[in-house]
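Heads up: the structure comes next, in structure tokens.
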Amino acid sequence: MRGRRPNKPEPGLADWLESWHIDIWLLMLLLAVAGIGIFIQYSASGHSIDGVISQAQRVALGLVVMAVIAQAPPDLYRTVAPWLYAFTILLLVATLLLGDAAKGATRWLDFGVVRFQPSEFMKLAMPTTVAAFLHTRRLPPTLLTIAATLLLILVPAALIARQPDLGTALLIVAAGGFALFLGGLQWRWMIGALAVLGAAAPILWEHLKDYQRQRILTLLDPESDPLGAGYHITQSMIAIGSGGTFGKGWLNGTQAKLEFLPEAHTDFIFAVYSEELGFIGVLLLLTLYLAIVGRCLWIAVRAQDTFQRLLAGSLAMTFFIYVFINMGMVIGLLPVVGVPLPLVSYGGTSAVSLLACFGMLMSVHTHRKLLAN
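All the letters of the sequence shown, read from the start, carry residue numbers 3 to 375 under the working numbering.
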């Protein structure tokens, strides 16, 4: 008598998401951070339900873009990387020539129906292009390969810095630099680059704009002008320090409510969050961010080829730099450079471009599993 074959278990949510190339663990972590962002946005925006709805819509759009990008295999992104890079360079040039100026910077292209920030797309194009470029070359990279890669990185970074948007320019350099580092860049080249950068610091200082120099000087001594250049960081540190261990409670923060804290719903939203939810809340958010980075690095380690490994690793480390720079500037460890807190600060282009990067990471992970089977 033949034994009865065991019933095949019904596919669960994780299996269904995997069939659509969505990594459930990464998705849950991203939704948790985005949920915190929407939760604190209500308080930071002055109890504006319109701001909350707008942020939720932008996150939803970003999730749709992420899901669409995850469907394509990584080889497709390696193929289109040069075209994506060239197209984004053209957009950056168009921004300098025809861009919409706001607050002394020309960072936006406005086509009437849609208004967007082209530099955000370079955050996606840069690591993809550098990873594709290094994929076809001998690693560790030779001096010629390093020089060519640096040229790919510095051209868009210079265009973005001229907008001016030094914070985003630094993120672009970091995104490409991480891919080069993960490609096996030798330590002697990195030490040499730091030495050259240190020697060129006086020259770079002369080319900084007055407000950029003031931000660096304010970082060194924020108390020198507490009502002027040091106002942002002084109010931010007051908000963070007053949160204590458990915070003042949601909607009970005073720095943003009484309008002492500028840009409370964008660049300085972490100060609002810290004041209302305290050290415990900050610890929760940091844990979620570190879990996202860890998951992304795990995906990079398990990637099947050089392109996928470099792409996933550089995206993971660039996300970490996003968090590090924003929190560092809000607590006074770094100059104020206008970098949003990922998925928490208010902003549409940033959220969509960031979630598009996670779509690429999911593509690397889920298509690898299909090939392995």
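For glycine and all other residues, C-beta sits at the position ideal for the given N, C-alpha and C.
Owing to the predicted nature of the structure, the values given are computational and were not obtained by experimental measurement.
{"query": "Exposure of D212, with buried meaning 16 or more beta-carbon neighbours within 10 Å", "result": "exposed"}
{"query": "Given 8 Å, three or more beta-carbon pairs between the segment 91-101 and the segment 146-154", "result": "no"}
{"query": "Beta-carbon contacts of A239 that lie in its chain and below 6 Å, excluding the five residues immediately before and after", "result": "One detail in the question is off: residue 239 reads as Met in this sequence, not Ala. Answer for M239: G334, listed in chain order."}
{"query": "Contact between the segment 251-259 and the segment 286-295 (3+ Cβ pairs under 8 Å)", "result": "no"}
{"query": "A195: first and last residue of the uninterrupted alpha helix (DSSP H) it sits in", "result": "189-201"}
{"query": "Per-residue DSSP class, three states only, for L111", "result": "strand"}
{"query": "As assigned by DSSP and simplified to three states, the class of M3", "result": "Unreliable placement is indicated for M3, whose pLDDT of 43 sits below 50; the coordinate value is still reported in the next sentence. DSSP places M3 in coil when its eight states are reduced to three."}
{"query": "A104, enclosing beta strand (DSSP E) - first and last residue", "result": "102-104"}
{"query": "Contact under 9 Å by Cβ, D269 with V332", "result": "yes"}
{"query": "Selected residue, minimal CA-CA separation from F321, among T108, L182, A273, L357", "result": "L357"}
{"query": "From L126, W27, G185, residue whose alpha carbon lies closest to that of T351", "result": "L126"}
{"query": "Reduced DSSP secondary structure (H/G/I, E/B, other) of F89", "result": "helix"}
{"query": "Paired residues, beta bridge with F118 - DSSP", "result": "L111"}
{"query": "Q237 versus I205, E277, F248, residue with shortest Cα-Cα distance", "result": "E277"}
{"query": "Residue environment, D52, which counts as buried when at least 16 other CB atoms sit within 10 Å", "result": "exposed"}
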